[in-house]
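**Student:** What follows is a structure written as structure tokens; I'll ask about it next.
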Amino acid sequence: MLERLYKNNVLTNLVFVLVLIVGVLSYLQMPREQDPTINFNWIDISTLAPGMAAEDVEKRVTDLLEEGIRKVGDIKFVQSTSRDSFSNILVRFNDLKEREFDKRISDLRREIQDKTRQLPDDVSDPSIFEVTTANAFPTATVVVTGVANDANLIKQANLIKQDLEHIKGVDKILDTALQQPELQVLFEPDKLQQLGISPAQLADQISLQYRDVSAGAKRIGEDNWLVRYQRMQLDAVALSDVPVFAKGLGNNISLGELADVQQGWEKPQHYVLWEGRPAVMLAITKQASSNTLDLVERIKDYIDASGVQREATGVKLYLADDQTEITRNALNIMQTNAAIGLLMVLLVVWLFLGFRVAFLTAIGIPFVLAGTFWILQSNNETLNVMVLLGVVISLGMLVDDAVVVVESIYYRLQRGEPRIAAVINGFKEVAAP
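What follows is the structure, given as structure tokens:
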């Protein structure tokens, strides 16, 4: 079998060239990233409950969600934290296959959605976040600076965040110091007391204006339309004209007669400064197995293109953090070690065995590397630090093996053994070790 294979020069050469070409293409196409994408089977569930005390958050939010979570199978443990206005639940699943884990995630989302209907009206929908190495740490951080911490900076930062979310490979964007707009209703207590309206009743009437309400369905011709009342926009003038209802009032009065409605911003929890200027920080996490180097290049291209357009608004963009340096260094180390190994093999084997044997030994390095990258890409692996470290370590073993095999064959050829027999017998002699 081996003799027929070695004698078929055409087949051997075609396989050699095929592996080299496909391996090089696989190497160029493999996604680059710093660390391999690892799913820890952790799910983070966060829920905002504005104005709610920690005890109420525990009883009315956390316990309710945990009740649904515990109906899902294959859960290793559930850890929850409740504090003022916020509930956080960490769910750890058992080690599962990818398909089984995806099924459990679907079950978890269904149970959370069912329990969401029972949450208090002011509580936001729970945010379900799957923790992996791809999204646990930011791939890049973009800083948006302005002349002042004003509405212009917030508006431009929101627009930039929306643009970045549409870039290929971006998973999530975590913003810091990006205040959200809000309407501030500064009511006059004396007027409310005269009309017999409590602040809580006034707050309830205002909140009704910002709630989506389903109004059933309407059939028009052959089409069936769902009727839904959508919440008001954040418009201070429109809210001022909203009527306020109270017992004993002959005519309803508007909210603007009882309170001063202003457009404002939520109270900031963080402040960001960049070179002494107020700023908004946008931390970008990437999608699993996406190319980190390509993603950062796309972000840089966006910053270069968008920076020129936004100069008129007084807003500037900076790439404050770039996590591609480690990946680039690892790539350079592997390429440098491969080149040095190739040259050292050529030199040492040429001195002792001649140029022809040295050349045949050296070409084994790119051949094996090409086959390695072909297999890695076929298994949907990425080119990351762990893979590159393994490749660099194996280069030394590869050179040693190549020299031992060729020397064994060369030894037999020197003693007059036929070429095919020398190759087969020499390989058999050193194959096991």
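In this text, residue positions in the sequence shown follow this note's numbering: the first is 962, and each later residue adds one.
Where is the CB? At the ideal position from N, CA and C, for every residue including glycine.
Nothing here was measured: the structure is a model prediction, and the numbers come from that model.
1. Since M1347 is in the alpha helix (DSSP H), which residue starts that stretch and which ends it?
2. What residue range does the alpha helix (DSSP H) around Q1123 cover?
3. By how many angstroms is the C-alpha of F1334 removed from the C-alpha of I1115?
4. So if DSSP puts M1242 in a beta bridge, which residue, or which two residues, is it bridged to?
5. I think M1242 touches T1137, with their Cβ atoms under 8 angstroms apart; what is that distance to the nearest whole Å?
6. Using 8 angstroms as the threshold, is the stretch 1271-1278 in touch with the stretch 1144-1160, meaning 3 or more CB pairs across them?
7. Pull up the distance between the alpha-carbon of S1043 and that of E1236, whole angstroms please.
8. When you compare only the Cα positions, how much space is there between L975 and I1324?
9. Are the beta-carbon atoms belonging to V1104 and A1240 less than 9 angstroms from one another?
10. Comparing C-alpha positions only, which one of V1033, D1024, S1159, R1053 sits nearest to F1047?
11. Ordered along the chain, which non-local residues of its own chain (more than five positions away) have a Cβ less than 8 angstroms from that of V1367?
12. Give a yes or no on whether the C-beta atoms belonging to R1373 and G1387 are separated by under 9 angstroms.
13. Report the rounded CA-to-CA distance for P1327 versus G984, giving the unit in angstroms.
14. So R993 packs on T1288, CB below 8 angstroms; how close in whole Å?
15. Return the first residue and the last residue of the beta strand (DSSP E) that Q1223 is part of.
16. Can you check whether the CB of S1215 is closer than 9 angstroms to the CB of A1095?
17. Rounded to the nearest angstrom, how far is the Cβ of K1064 from that of R1053, given a contact under 8 angstroms?
18. Output needed for K1076: all residues of its chain with C-beta closer than 6 angstroms, excluding positions within five of it in sequence on either side, in chain order.
19. Could you pull the start and end residues of the alpha helix (DSSP H) that N974 belongs to?
20. Can you tell me whether S1201 is helix, strand or coil according to DSSP?
21. To the nearest angstrom, how far is the alpha carbon of R1238 from that of Q1040?
22. Kindly list the residues whose CB is nearer than 8 angstroms to the CB of K968, restricted to its own chain and excluding five residues on each side of it in sequence; keep chain order.
23. Which residues does DSSP pair with V1039 in a beta bridge?
24. Take N939 and list the residues in its own chain whose beta-carbon comes closer than 7 angstroms to its own, dropping the five residues that flank it on each side.
25. Short check: CB of L972 to CB of L966, under 9 angstroms?
26. Give the DSSP bridge partners of W1186, in chain order.
27. Tell me which residue opens and which closes the alpha helix (DSSP H) that N1096 is part of.
28. Taking only runs that begin and end inside the stretch 1262-1320, name each unbroken beta strand (DSSP E) of 3 or more residues, in chain order.
**Tutor:** For this structure:
1. 1346-1375
2. 1112-1126
3. 46 angstroms
4. V1104, T1137
5. 4 angstroms
6. no
7. 37 angstroms
8. 15 angstroms
9. yes
10. D1024
11. V1310, L1314, V1318, L1321, T1322
12. yes
13. 9 angstroms
14. 5 angstroms
15. 1220-1226
16. no
17. So it is not a contact: roughly 17 angstroms between Cβ atoms.
18. L1025, L1026, G1029
19. 970-990
20. helix
21. 40 angstroms
22. I1381
23. V1052
24. There is simply no residue 939 to check, as the chain begins at 962 and stops at 1394 in what is shown.
25. yes
26. K1179
27. 1094-1097
28. 1277-1283
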